[in-house]
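Student: Residue numbers (this note's numbering), protein chains in the order written: chain A, 77 to 193; chain B, 882 to 994. Quick reminder that beta carbons are idealized off the backbone N, C-alpha and C, glycines included.
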């Protein structure tokens with residue numbers, strides 16, 4: 077089955093620093109990937125849609141200069157949280173849709189727990 | 882845009898009972914409706930999905946029904962087991978190739994042994 081990996085699984089950083097999270101589709105190509113943020117006991121909140129070779133599309137209220145997304149290949153998208161603050165602490169999850177299929181199924185990564193101190 | 886309402890937010894049942902979670906959506910263009918199970922600290926896992934050309938789908942103890950006219954769909958779990966305890970999310974995805982689903986708020990299912 078389709079597998080999506082995410083790295084790191086958890087990270088602790090100091091306020092003001094930047095953190096990069098990687099999302100990889102391991103056995104399929106993904107033109108489109110999604111980045112979600114999930115706070116405790118809440119639903120998945122879509123942050124942005126990452127498209128290979130083009131700029132990401134950000135949801136309303138998500139700062140594109142703070143959450144930098146790079147989708148440089150068909151198997152890798154990265155999310156960089158710049159100048160992180162404690163309120164950025166959350167569970168970040170990516171998902172990928174297989175290229176060239178009419179299947180809408182999203183394959184989720186295992187998530188990254190970010191704690192900003 | 883799409884709006885998905887999910888109820889109940891919490892559902893507590895005894896082992897062996899059935900559990901039903903309901904979702905409504907607003908965009909008639911939505912045509913793909915997945916259900917995800919998420920255990921604490923883990924990724925959402927697809928447990929069943931249904932497309933708009935089908936009214937019902939079943940996979941062992943799990944079934945999903947879809948009423949396109951009323952714009953609602955439901956998840957049914959029979960013979961619940963403690964390992965079914967998790968948060969369940971419904972989603973509605975529009976046609977047109979955007980693949981962007983709108984998720985419900987989630988239902989925390991607790992199955993008491």
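Any idea what DSSP makes of residue 181/A, helix, strand or coil?
Tutor: Residue 181/A falls in the coil class under three-state DSSP.
Student: I'd like to know whether the C-beta of residue 166/A is nearer than 7 Å to at least one C-beta of chain B.
Tutor: Closer than 7 Å: no.
Student: Could you check what DSSP says for residue 940/B in three-state terms: helix, strand or coil?
Tutor: DSSP places residue 940/B in strand when its eight states are reduced to three.
Student: Flag this pair as touching only if the stretch 944 to 959 of chain B and the stretch 174 to 193 of chain A have three or more C-beta atom pairs under 8 Å; answer yes or no.
Tutor: Taking 8 Å as the limit for Cβ pairs, the verdict is that the stretch 174 to 193 of chain A does not touch the stretch 944 to 959 of chain B.
Student: Which residues, taken in chain order from the stretch 929 to 944 of chain B, show a beta carbon closer than 9 Å to some beta carbon of chain A?
Tutor: Taking 9 Å as the Cβ-Cβ cut-off against chain A, the residues of the stretch 929 to 944 of chain B that qualify are 930, 932.
Student: Give me the subset of the stretch 965 to 978 of chain B whose CB atoms are less than 7 Å from a CB atom of chain A, sorted by chain position.
Tutor: Answer set for the stretch 965 to 978 of chain B: 970, 974.
Student: Would you please state the rounded distance, in angstroms, between the beta carbons of residue 110/A and residue 125/A? I believe it to be under 8 Å.
Tutor: 6 Å between Cβ atoms; contact.
Student: Return the chain-ordered ranges of every beta strand (DSSP E) run that is complete within the stretch 890 to 933 of chain B and spans a minimum of 3 residues.
Tutor: Runs of the beta strand (DSSP E) inside the stretch 890 to 933 of chain B: 891 to 895, 900 to 906, 911 to 919, 926 to 932.
Student: Excluding the five sequence neighbours on either side, which residues of its own chain have a C-beta within less than 6 Å of the C-beta of residue 902/B, listed in chain order?
Tutor: Correct list, in chain order: 956, 969, 988.
Student: At the level of alpha carbons, what is the spacing between residue 964/B and residue 941/B?
Tutor: Cα-Cα distance, rounded: 15 Å.
Student: Would you call residue 117/A buried or exposed, if buried means 16 or more other Cβ atoms sit within 10 Å of its Cβ?
Tutor: With fewer than 16 other Cβ atoms within 10 Å, it is exposed.
Student: Quick test of the definition: if touching needs 3 or more C-beta pairs under 8 Å, does the stretch 119 to 133 of chain A touch the stretch 143 to 150 of chain A?
Tutor: Segments in contact, yes.
Student: Specify whether the stretch 947 to 955 of chain B and the stretch 896 to 914 of chain B touch according to this definition: at least 3 beta carbon pairs, one from each stretch, less than 8 Å apart.
Tutor: The stretch 947 to 955 of chain B is in contact with the stretch 896 to 914 of chain B.
Student: Residue 892/B to residue 115/A, Cα distance in whole Å?
Tutor: Using only the alpha carbons, I get a separation of about 20 Å.
Student: Taking DSSP as the reference, what is the three-state secondary structure of residue 963/B?
Tutor: Residue 963/B: helix per DSSP, three-state reduction.
Student: Any idea what DSSP makes of residue 162/A, helix, strand or coil?
Tutor: Helix.
Student: With H, G and I counted as helix, E and B as strand and the rest as coil, what does DSSP make of residue 955/B?
Tutor: Strand.
Student: Closer than 9 Å, Cβ to Cβ, to anything on chain B: give me those residues from the stretch 101 to 121 of chain A, in chain order.
Tutor: Within the stretch 101 to 121 of chain A, the residues whose Cβ lies closer than 9 Å to some Cβ of chain B are 108, 110, 112, 114, 117, 118, 119, 120, 121, listed in chain order.
Student: Kindly list, in the order they appear in chain B, the residues whose Cβ is closer than 7 Å to that of residue 128/A.
Tutor: Neighbours of residue 128/A on chain B: none; closest Cβ ~13 Å, over 7 Å.
Student: Hey, how far is the Cα of residue 906/B from the Cα of residue 931/B?
Tutor: Taking the straight line from one Cα to the other gives about 14 Å.
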